[in-house]
Every structure is written in structure tokens, then in C-alpha cells.
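Trainee:
Protein chains in written order, with the numbering used here: chain A, 42 to 156; chain B, -10 to 106.
(1) Looking at the structure shown, is residue 102 of chain A part of a helix, part of a strand, or coil, going by DSSP?
(2) Are residue -10 of chain B and residue 16 of chain B touching if we call contact CB-CB under 8 Å?
(3) Would DSSP call residue 124 of chain A helix, strand or coil?
(4) Once you ignore the five residues that flank residue 93 of chain B on each side, which residues in its own chain have a CB closer than 7 Å to its CB?
(5) Do residue 66 of chain A and residue 45 of chain A come within 8 Å of each other at the CB atom, strictly closer than that value?
(6) Should residue 112 of chain A and residue 47 of chain A be called a contact, given that it needs their Cβ atoms to be closer than 8 Å?
(7) Exposed or buried, residue 150 of chain A, counting other C-beta atoms within 10 Å across all chains shown (16 or more means buried)?
(8) With distances taken from CA atoms, which of A/86, A/136, A/127, A/56 is nearest residue 79 of chain B?
(9) Identify whether residue 72 of chain B lies in helix, strand or coil by the three-state DSSP scheme.
(10) Report yes if the CB atom of residue 11 of chain B is closer than 8 Å to the CB atom of residue 62 of chain B, and no otherwise.
(11) Quick one: Cα of residue 80 of chain A to Cα of residue 56 of chain B, how far?
(12) Residue 32 of chain B CB to nearest chain A CB: under 8 Å?
(13) Residue 6 of chain B to residue 133 of chain A, Cα distance in whole Å?
(14) Return the Cβ separation of residue 52 of chain A and residue 152 of chain A in integer angstroms, given the expectation that the two are a contact with Cβ distance under 8 Å.
(15) Please confirm if residue 64 of chain B has its CB atom under 8 Å from at least one CB of chain D.
(16) Could you tell me whether the Cβ atoms of residue -7 of chain B and residue 97 of chain B are closer together than 8 Å?
(17) Of all the options A/71, A/88, A/121, which has the alpha carbon lying nearest to the alpha carbon of residue 3 of chain A?
(18) Let me confirm a value: residue 30 of chain B is counted as buried when at least 16 other C-beta atoms fall within 10 Å, else exposed. Which label applies?
(19) Please list the terminal residues of the continuous beta strand (DSSP E) segment that includes residue 2 of chain B.
(20) Determine which residues of the stretch 73 to 89 of chain A have a Cβ less than 7 Å from any Cβ of chain B, and write them out in chain order.
(21) Is the beta carbon of residue 72 of chain B closer than 8 Å to that of residue 4 of chain B?
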């Protein structure tokens, strides 16, 4: 069975500092991994994805994520946080064997960036 | 290109009633997925449609159903509403053909906030 874990309910970081939001996954076969962000009263916005290839994936708004197969992790990172990055972040996985648009989401991590 | 639209944005119903939510995907997208978001359970997959066929279904009771039309627009229906059905219902669309959509990012609508009293 597929699953995603985001071990931190909340991450606090000062503006200008680097940020990391953690995600680990479990899936049969090759994983397709995604990060989404949700602002209050809004739907989810796609940030980036890992399908295959380079383990470091670059996405929107300066975010990047590192795929680590041995640790089954896909942590979201940003070199310098902005106050406007404060939001709810979701990691999600689908399986290459699935062939359908079924995403399994983690519980979400609230990122709080303080000025 | 217009994004995913969902109507209505807000709904208030009472227990026992039924409700229909609508979703219009991005033009050209044939895959439409539905998710339920609650504070307790997080984001849970309801079902996915591709070219009018339900391809995958989550672990929800039969009171939750959906359909997709030939123009890819989708509806989901919840019958005999329960208090626990109060949630944000999100629709998402993605591109790809029948044999490969799991690697495509999904584009989400703003959601329909359903409150059951």
C-alpha cells in the first residue's frame, strides 16, 4: 500500500533562512512524487515533481526537492525563506504501476516564516 | 488557459439531504480526480474519471458517487448526507492519455466547502 509521511506538523523559520519540509514515502514500484502548497481558502498549487532522472528537482517560486531512494525521502527545500511562503505544504505520491490520477497525500506541514 | 473551476463554492445542507458538486477541468484535460479534505483525515482520494470512465475509487461508502461527461466536466454526488461529510471537496484535472496520467501533475480547483448541519 502507498503511504506518505510528513513528520512535522509545523516548521518555523526566520525570513532569509533556509527551510526544509520533510517527506518520506512508501510505494510499490517506482514512485512519482509531488509537492503542493495550499494557501487559506484556496485549492492546492503544484510546486514540483520527481518522475525520474536527476535527484534534485527545481520547481516554482525558488523551491527545490531532493529525491533520496535509499532513505525513501523527498524533502522540500528553499535556500532563503520569504514571509509569503507561509502556507500549508503537502507531499504526495502516485505509483508508476497505478496509471491513474490517484494521489496519496501526507498530512501536511504548516510552514511559518517570521520576519 | 482557464483553470479548474468548481461550483458552487459553498454549500450548506442538512443531514439526510443529497448534494451535487460540479467541476470543469482545464481545457484538453481528460482526467478528473476528486478529493475530500478534512482537518482530521487530511486529503483523501475519492475517485478518478478518464473519458467518462471511472478508473479508480477510494475507500468511501457508496453514498459518494460521480460521473464524467463527454466534455470532461465532472460531477460528484453525495446522498443521505451525514455530519461527517462536512469538508472541502477538491477537484483536480490532469493531462495525459489513458495509459499514463500518474506522472502528470494535477491542477486543483478552489474547492467546494460543504457544511452539513
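Cβ coordinates follow ideal geometry from the N, Cα and C atoms, glycine included.
Mentor: Short version:
(1) helix
(2) With respect to residue 16 of chain B, residue -10 of chain B sits close: the two C-beta atoms are nearer than 8 Å.
(3) Taken through DSSP and simplified to helix, strand or coil, residue 124 of chain A comes out as helix.
(4) Close CB contacts of residue 93 of chain B within its chain, under the 7 Å cut and outside five residues either way in sequence, are with 83, 84, 85 (chain order).
(5) yes
(6) It is not a contact, given that the beta carbons lie outside the stated cut-off.
(7) buried
(8) A/86
(9) helix
(10) The Cβ atoms of residue 11 of chain B and residue 62 of chain B lie closer than 8 Å to each other.
(11) 28 Å
(12) yes
(13) 33 Å
(14) So it is a contact: roughly 5 Å between Cβ atoms.
(15) Of the protein chains in the structure, A and B, none is chain D.
(16) Yes, the pair counts as a contact, with Cβ atoms nearer than the cut-off.
(17) It is not possible to answer for residue 3 of chain A, since the shown part of chain A is limited to 42 through 156.
(18) The residue is exposed, with fewer than 16 neighbouring Cβ atoms inside 10 Å.
(19) -1 to 2
(20) 73, 75, 83, 84, 85, 87
(21) yes
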